[in-house]
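S.K.: Pasting a structure here, questions to come.
Residue numbers (the UniProt record's numbering): 1 to 209.
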């Protein structure tokens with residue numbers, strides 16, 4: 001790139017010299033007519049004088065080279081700024097990419113952990129009623145006076161709508177502890193549910209009569 005700029009500057013310098021020579025052409029055309037040999041000699045002398053004049057004007061050349069140096073410096077600074085901009089842009093892009101990669105890994109890890117916890121919870125909830133019943137019965141075999149085990153067994157039977165076994169479990173709780181309020185309440189609720197349809201049927205029969 002710098003080589004191209006150098007060639008362009010050289011071309012501009014040649015064009016400048018040509019422009020100076022062209023400006024002197026009107027002077028050459030105004031010269032009086034003389035024999036061909038003398039005319040050619042005079043034109044040659046004028047051209048040589050012009051070239052010497054250009055060559056012997058150090059001030060113009062200093063200005064030209066000074067301008068060239070400034071142009072090259074500004075061009076270099078411009079290229080450095082452009083290079084710095086792209087380096088900064090690449091660094092920001094790389095940092096952003098790394099940040100997104102870290103967040104993505106964290107999100108995937110968090111999602112995996114949540115899935116594992118969910119699977120563990122589902123596995124715990126999948127314990128069947130039979131397994132729970134077997135666990136409670138095993139506890140009662142080890143300790144036949146375990147009121148808590150009888151109470152939980154009664155609640156388990158209620159969830160399964162097995163009122164007969166639930167009644168037996170809560171009655172056993174009251175046998176071991178006649179003051180157990182929960183067992184009394186559950187037995188009372190079951191009696192009300194059993195009596196409910198009968199009361200309703202009696203009312204319907206009375207209204208029909």
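Glycine is no exception: its CB is placed at the ideal position from the N, C-alpha and C atoms.
I think residue 152 touches residue 136, with their Cβ atoms under 8 Å apart; what is that distance to the nearest whole Å?
M.R.: Along the chain shown, one-based indexing puts residue 152 at 152. Along the chain shown, one-based indexing puts residue 136 at 136. Indeed they touch by this definition, with Cβ atoms about 6 Å apart.
S.K.: At the level of alpha carbons, what is the spacing between residue 129 and residue 167?
M.R.: As a first step, residue 129 is located in the chain shown; it is residue number 129 there, counting from the start. As a first step, residue 167 is located in the chain shown; it is residue number 167 there, counting from the start. Taking the straight line joining both Cα atoms gives about 18 Å.
S.K.: With DSSP run on the structure shown, which of helix, strand or coil describes residue 16?
M.R.: Stepping through the chain shown from its first residue, residue 16 is reached at position 16. Residue 16 falls in the helix class under three-state DSSP.
S.K.: What residue range does the alpha helix (DSSP H) around residue 167 cover?
M.R.: For the purposes of this step, residue 167 is identified with residue 167 of the chain shown, where counting begins at 1. Unbroken alpha helix (DSSP H) run through residue 167: 163-176.
S.K.: Starting from residue 132, trace the alpha helix (DSSP H) in both directions and tell me its first and last residue.
M.R.: As a working note, residue 132 is residue 132 in the chain shown. Taken as a continuous stretch (DSSP letters only), the alpha helix (DSSP H) holding residue 132 covers 129-142.
S.K.: Rounded to a whole number of angstroms, what is the C-alpha to C-alpha distance between residue 203 and residue 116?
M.R.: Translated into positions along the chain shown, residue 203 becomes position 203. Translated into positions along the chain shown, residue 116 becomes position 116. Bear in mind that the predicted position of residue 203 carries a pLDDT of just 49, short of 50, making it too unreliable to give a figure here.
S.K.: Does the distance from the C-beta atom of residue 215 to that of residue 154 stay below 8 Å?
M.R.: It is not possible to answer for residue 215, since the shown part of the chain is limited to 1 through 209.
S.K.: Buried or exposed for residue 296, going by 16 or more other Cβ atoms inside 10 Å?
M.R.: For the chain, the structure presents residues 1 to 209; residue 296 sits outside this window and is missing.
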